[in-house]
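Quick note: the sequence shown uses the numbering used here, first residue 513, plus one each step.
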Amino acid sequence: MLIKKYLINLLMMIGTFFLCIDINAQVKKKSTQKAVEQKPVNESPPKLKPLWGNHPGGNMLVKDGINYADSALRVIDEQGNRYSVVSFKFIYRRKATITDDETGNVKNTWDIVATDIYNETSLSEVWRNNIKESLQRDEEWIIDFIIIKDKTGKKIITTPINIKFK
C-alpha cells in the first residue's frame, strides 16, 4: 500500500516536472524575443469546465462508465465556448488481486495504470476495450494535468475530473 502511494506521488511529481520544463522553456523563449509594447488588459482568465463526454465528474454507474469509455475530453467555458485540448493524463484506479508467493493467499488490492494523451481527446482503442471488459464498482478515473489552448494560443491548465463508479 505504501509503495502504491509512493508511485502515485512519483507520477504526479514527474508530470509536474515536465509541465515546469515546458513553462520554463516558454518563458525563456519570450524573454529572448524583442519586447513589444502591449496595452494592459484587465481580462480575467475564463472559468473552464472540463467534461468527459458530457459528464463533469462525480459518481457514475458502471454500466454508464462502459459507454463513457468511448467518450472524449472536452473543455468549455461559462458561455459554452469550446477550447482545444493540448494534453492530459488519464489515470485508472482499478481493483486487482495478487497471490502471496510465500503463503499462497489471494489478496484484493488496488492497481493504478495511467497514460498521457497528446493532441487527442479520447483514449486509444486498447484502453477503451480494456475498460469495457474490466470496469467494476468502486473503481475510479482521474483525468488530470489537462492543458488547453485559449483563443490567443496561451496554454492553460484546468482542474481535474474525478469519476467514481457505483
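Every residue gets a Cβ at the ideal spot worked out from N, C-alpha and C, and that includes glycine.
CA-CA distance, residue i and residue j?
i      : j      : result
Phe602 : Ile624 : 10 Å
Ala584 : Glu614 : 44 Å
Glu632 : Ile659 : 11 Å
Gln591 : Gly616 : 57 Å
Asn566 : Trp653 : 15 Å
Ile675 : Val574 : 11 Å
Ile588 : Leu635 : 19 Å
Gly665 : Lys607 : 40 Å
Is residue i helix, strand or coil by DSSP?
i      : result
Arg640 : helix
Lys676 : strand
Ser556 : coil
Glu652 : strand
Asp576 : helix
Ser583 : coil
From which residue to which residue does the beta strand (DSSP E) around residue i run?
i      : result
Gly570 : 570-572
Ser599 : 594-611
Lys667 : 667-669
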